[in-house]
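Per the working numbering, the sequence shown starts with residue 629, numbered consecutively.
Glycine included, every Cβ here is placed at the ideal spot set by N, Cα and C.
The structure appears right after this line, and notes come after that.
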Amino acid sequence: MSDDHPSQQHDTLNDFEAETAEKPRVVVLISGNGSNLQALLDAQEHGELGGGEIVAVVSNKADAYGLKRAKDAGVDAVALPHREYDSREAFDAALIRVIDRHEPDLLVLAGFMRILTPSFVDRYRGRMLNVHPSLLPAYQGLDTHRRALADNVSEHGVSVHFVTEELDGGPVVIQAVVNVEPNQDIDELIDKVHAREHLIYPIAVRWFLEGRVKLSPEGQVTLDNMPLPATGLRMSHADAAEELDEDLDKDLDD
């Protein structure tokens with residue numbers, strides 16, 4: 629017969645449950661440098677990834693530097709060169725086998741330069757995120773910065789969205805704005821967009837893993853059970869600049 633007080637037994641049980649609860653699992657797909665992957669790894673290291681764990685990084689290019697980032701962080705790094713497969717469908721089938729072996733709760737595309745087959749998208753619908761360097765729905769596809777400057781826009785930025793069959797057309801979770809100045813230097817613009825990618829992608833992943841962000845079967849994104857607008861939650865240029873310690877005075881003077 630135990631002498632433990634019932635409340636002590638209850639506390640011990642709670643401790644046991646907390647220790648044995650599995651962390652949400654994340655698989656990241658990349659094709660290159662993996663700077664957004666690094667932002668996610670850094671967020672995980674600082675306990676800012678919603679209690680989740682990046683369990684694998686998969687690249688369709690064997691020489692992707694992001695694979696080294698994964699190995700350095702102690703994460704399973706898998707090279708799956710797409711050129712070794714006869715068709716897009718064959719590659720996606722092999723990719724699915726690798727992903728499912730790690731049983732992810734969330735699939736994160738971080739510079740994964742492949743158009744996915746409808747069957748792949750359908751398999752991970754509602755649990756696959758992508759980051760895109762524009763304020764969607766503007767500038768879907770490639771070369772977004774040059775196109776934005778050619779149109780003389782006053783605002784550019786970055787979006788995190790759920791992946792659907794439409795390229796860069798899935799429902800948006802969060803955006804961050806960059807003010808575009810007259811005669812804006814493209815390299816400076818690219819740097820500011822990249823900084824905002826690294827800022828908001830870990831936020832979106834954390835929200836998902838915490839169960840705060842969800843995608844309904846009808847395609848509506850909710851945050852804390854409240855529907856978001858088509859542009860998701862939008863972070864202004866000033867708010868993003870403050871988070872990133874950018875020089876707002878310089879922006880105003882330019």
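Cross-strand partners of residue i (DSSP beta bridge)
i, result
"A684", "V655 and D704"
"N807", "E783"
"F790", "L757"
"P855", "T850"
"K842", "T850"
"L861", "I802"
"L734", "V654"
Whole-angstrom distance between residue j and residue i, CA atom to CA atom
i, j, result
"K699", "L708", "15 Å"
"E712", "I724", "15 Å"
"A722", "T745", "12 Å"
"V656", "H760", "15 Å"
"A868", "G839", "24 Å"
"L669", "E681", "9 Å"
"E874", "A823", "10 Å"
"E870", "S844", "33 Å"
"M854", "D796", "23 Å"
"N758", "H730", "19 Å"
"D750", "A701", "30 Å"
Delimiting residues of the alpha helix (DSSP H) encompassing residue i
i, result
"H822", "I814 to L837"
"V749", "P746 to R751"
"V849", "Taken as a continuous stretch (DSSP letters only), V849 belongs to no alpha helix (DSSP H), being part of the beta strand (DSSP E) at V849 to L851."
"L872", "H865 to L872"
"L669", "S663 to E673"
"L723", "R716 to R729"
Proximity of residue i and residue j at Cβ, strictly below 9 Å
i, j, result
"S659", "A705", "no"
"A684", "P652", "no"
"V805", "S864", "yes"
"T859", "V800", "yes"
"E783", "N807", "yes"
"L735", "R755", "yes"
"V788", "A832", "yes"
"G678", "L872", "no"
"A615", "S762", "The question about residue 615 has no answer here: the residues shown for the chain are numbered 629 through 882."
"F748", "N688", "no"
CB contact below 9 Å: residue i versus chain B
i, result
"D779", "No chain B is part of this structure, which consists of one protein chain only."
Boundaries (first-last residue) of the beta strand (DSSP E) holding residue i
i, result
"N758", "M756 to H760"
"L777", "Premise fails: L777 lies in the alpha helix (DSSP H), T772 to A778, not in any beta strand (DSSP E)."
"L764", "That residue, L764, is in no beta strand (DSSP E); it is neither H nor E in DSSP."
Residue i: CB within 8 Å of a non-hydrogen atom of the ligand COA
i, result
"A832", "As far as ligands go, the structure on display features none, and thus does not contain the ligand COA."
Nearest-angstrom Cβ-Cβ length linking residue i and residue j, presumed shorter than 8 Å
i, j, result
"V786", "Q768", "Rounded, the Cβ-Cβ distance is 13 Å, inconsistent with contact."
"R697", "G662", "5 Å"
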